[in-house]
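Count along the sequence shown starting at 1, add 299, and that's the number in this note's numbering. Using N, Cα and C, we set each Cβ at its ideal position, and we do this for glycine too. The structure displayed is predicted, hence computed values, not measured ones. For reference, the structure is listed below as C-alpha cells.
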Amino acid sequence: MNDFRPERALVIVAHPDDAEFLCGGTVARLADQGCEIYYLLATSGDKGTKDESLTPQALAAIREREQRAAAATLGVRECFFLGYPDGELEETLELRGQFVRFIRSLQPNVLLTWDGFRNGFNHRDHRVVGRVARDAVFPAAHDPLYHPELRELGLAPHRIDELWLFGADEPDHHVDIEPYLERKVDALLAHESQMRGRTREDLLRLFRERAKDVKRRTGFRFAESFRRIDNRQRPPGQPPGAMTRGRTRRPAAART
C-alpha cells in the first residue's frame, strides 16, 4: 500500500487555504509524481476577514484569486468553487450530489478531505465537508441507483481507491514533505488576505520550530498526516469495515 501512486486526485475542502495548510506538501509531491490534481471548494471564504470595509462578494473574489494562485504553485490542474456562504454549510442531499457529480466526472483514484468526525475544536464547515464527502465516496459515488440525475448527464458510477482524511485525531499515514516545504510555504503566502503580514521566513521558522515534535510523531522532520481508508472493491461477503460507523481497522502507521 505504501507504493500507491494515484493517477488522479480530488481535494475537497470548505475554504480557500484549507488545502494548503493541511495537505499542501502532499499535493506538491503527488503532482511531481505525475498525479493530476483538482480542488473542489464548497465556499469561497466570503466571511474570512477582520476588515469590515469588504463586502462578502469582494472578499470571495479576492480569495478565489488567491486560491487559484496557491493551487498553481503546487501543480493543481484546476479549482472548482460551489459558492456556498461561508459558515452556512449543511449536510444536505444537494451538497452530496454536487460532490458525487465531481467524483464521477473527474474519476479520481484518491480523495483528500477533512476528517469530519475529529474531536475537539473544529469549524462547522470542516465537519460538514468531511462528513458529506465520505457519504459521497461511500456509497453514493459508486452505487448506480444513487443520484439518477447524474446518469442522465452520462456520469457513470465511480469507485475511489483510497480516502485520505486530514485533521484526524489518530492519523495512520504520514507523508514526508521536506523536499516540498518551501513550495507549501509559497502556496500559503499566496493567500495574502489571510497571512496578516507573516513573511516567508516567519512561516519557515514556525515549521522548523515544530520539526522535533513532528519527527517524534511521524518519523519525518516535516510531514503531513492522514487517516487512510481503503475503499477498493472487496470479495463478496466481506464487510466494508473501513467505511462503517466512521471508523476503520488501522494497520501500523504508514510512512511515505
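Count the other CB atoms, across all protein chains shown, that sit within 10 Å of the CB of residue i; report buried if there are 16 or more and exposed otherwise.
i: R544; result: Unreliable placement is indicated for R544, whose pLDDT of 33 sits below 50; the coordinate value is still reported in the next sentence. Exposed, by the Cβ-count rule.
i: G382; result: exposed
i: E319; result: buried
i: S352; result: exposed
i: G419; result: exposed
i: L405; result: buried
i: K483; result: buried
i: R403; result: buried
i: D345; result: buried
i: G323; result: buried
i: T517; result: buried
i: A455; result: exposed
i: P305; result: buried
i: Q532; result: exposed
Have a look at the DSSP bridge pairing and note the partners of residue i.
i: F465; result: W413 and F525
i: A308; result: I336 and V409
i: V474; result: E523
With residue i and residue j assumed to form a contact (beta carbons below 8 Å), what rounded beta-carbon distance in angstroms separates them?
i: E477; j: R430; result: Wrong, their Cβ atoms sit about 32 Å apart, outside the cutoff.
i: F379; j: Y337; result: 7 Å
i: T372; j: D485; result: 5 Å
i: F521; j: F506; result: 6 Å
i: V375; j: V436; result: Contact doesn't hold; Cβ gap of about 20 Å is too wide.
i: F401; j: L340; result: Not really, about 11 Å apart at Cβ, beyond 8 Å.
i: A330; j: R395; result: Wrong, their Cβ atoms sit about 28 Å apart, outside the cutoff.
Measuring CB atoms only, is the stretch 413-427 touching the stretch 305-322, in the sense that at least three cross pairs come out at less than 8 Å? Segments in contact, yes.
Inside the stretch 340-398 only - beta strand (DSSP E) runs reaching at least 3 residues: 377-383
Is it true that the stretch 446-454 meets the stretch 507-519, where meeting means three or more beta-carbon pairs spaced less than 8 Å apart? no
Whether or not the stretch 466-473 and the stretch 344-360 are in contact is what I'm after, with contact meaning three or more pairs of Cβ atoms, one per stretch, closer than 8 Å; do they touch? no
Three or more C-beta pairs under 8 Å: does that hold for the stretch 459-466 against the stretch 398-417? yes
Are there three or more Cβ pairs, one per stretch, closer than 8 Å when the stretch 454-463 is compared with the stretch 523-531? Yes, since at least three Cβ pairs between the stretch 454-463 and the stretch 523-531 fall closer than 8 Å, the two stretches touch.
Between the stretch 488-496 and the stretch 360-369, are three or more C-beta pairs nearer than 8 Å? yes
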